[in-house]
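Notes for the one structure printed next.
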Amino acid sequence: MSDLLENHIVDVIVLGTLVLSAVWAVLSPRLLRAVIGLAVASCCVTIALFRLDSPLAGVFELSVCAGLISAVFISTISLSQLETEESIAGASKERIRRYWYLPPLLVLVGIAVFQIRLVDFPEVARVGKDVRQVLWTERHLDLLGQVTVLLAGAFGVVVLFKENKKHER
Amino acid sequence: MNAELLSVYITAIVLVATAGLYYLLVTTNLIRAVIGLELVTKAVTVGLVLAGKLTGNTGLTQTLVITLIVVEVVVMVVAVGLILLGHKHTNGVDVRQLRNIKG
């Protein structure tokens, strides 16, 4: 264990912060704080991706998940005006009753998973191609799928708010 | 990769996924349900990249993670649009209120 802390202290701190921010996002009574916890978790995932030799995925994670998604969540909270002091006070008792199982459950799961005996993985040289080569040659159909999903999402949102205008008339 | 470090990574992945799944199961607030889904996706992202690092195939796993992020954003935006529409009808984001909607 001391060897782990000496040689991989950054990984341990990043993963510890990831778990803590995820738990904070779940347990926080305020939605805004939950969203901030999610953004911090995204930042920790980004650092973990950089540590695992995946910088391009890390950049996507940071810009899209930590930036865009947090902005969309905060806009939604402000548009729906959900965060009032009364609603938070009303929900807090019910939240304690529902969520008190989570910390002991996480401790038990953590101990159980940490007990699993794993073997050392030897450092493997890169057997695959560079990410750009894979994306543009082997997995180019994924790009078509991504464009289709993006268009489906865009049309979905347009239709949702178009329907809404119809009802308003 | 060191077995102890691998244990730490796998434990963190399982814990974040457990927290997200618990959130999805327990909450009745739709925005919180989407946050739970995001947490599970974070765990899957780290798991995929860890697998790529162990097998030396980081190019393929990064490609998969980029696709995952695109799908994640689209699902999240459509879910938020539905939540806002539901909020206009029920003046809340509680799942229990949606049971009263007919048609």
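As given, the protein sequences belong to chains A and B, one line each in that order.
Under my numbering, read the first sequence as residues 228 to 396, first letter to last.
Under my numbering, read the second sequence as residues 446 to 548, first letter to last.
For glycine and all other residues, C-beta sits at the position ideal for the given N, C-alpha and C.
Note that the coordinates shown come from a computational prediction; the quantities given were computed from them, not determined experimentally.
Nonlocal neighbours in the same chain, by C-beta distance under 7 Å from R322(A), ignoring five residues either side:
P256
CA-to-CA distance, E365(A) to L254(A), given in whole angstroms
42 Å
Residues of chain B with CB under 7 Å from K297(A), in chain order?
Reading off the sequence shown, one finds Ser at residue 297(A), where the question assumed Lys. What S297(A) touches in chain B: nothing, since even the nearest Cβ is about 10 Å away.
Under three-state DSSP, which class holds D539(B)?
strand
Is the Cβ of V515(B) closer than 8 Å to any Cβ of chain A?
yes
Through-space distance from L276(A) to V491(B), alpha-carbon basis
7 Å
Taking just the CA atoms, how far does I480(B) sit from I528(B)?
13 Å
From T303(A) to V267(A), what distance separates their C-alpha atoms?
19 Å
Can you list, in chain order, the residues of its chain whose CB lies under 7 Å from that of L283(A), leaving out five sequence neighbours each side?
V358
What separation, rounded to the nearest whole angstrom, lies between the Cα atoms of I476(B) and A339(A)?
31 Å
When the Cα of G294(A) is compared with those of F341(A), C270(A), D238(A), which residue comes out closest?
C270(A)
Just the Cα atoms here: how many angstroms apart are L329(A) and V459(B)?
13 Å
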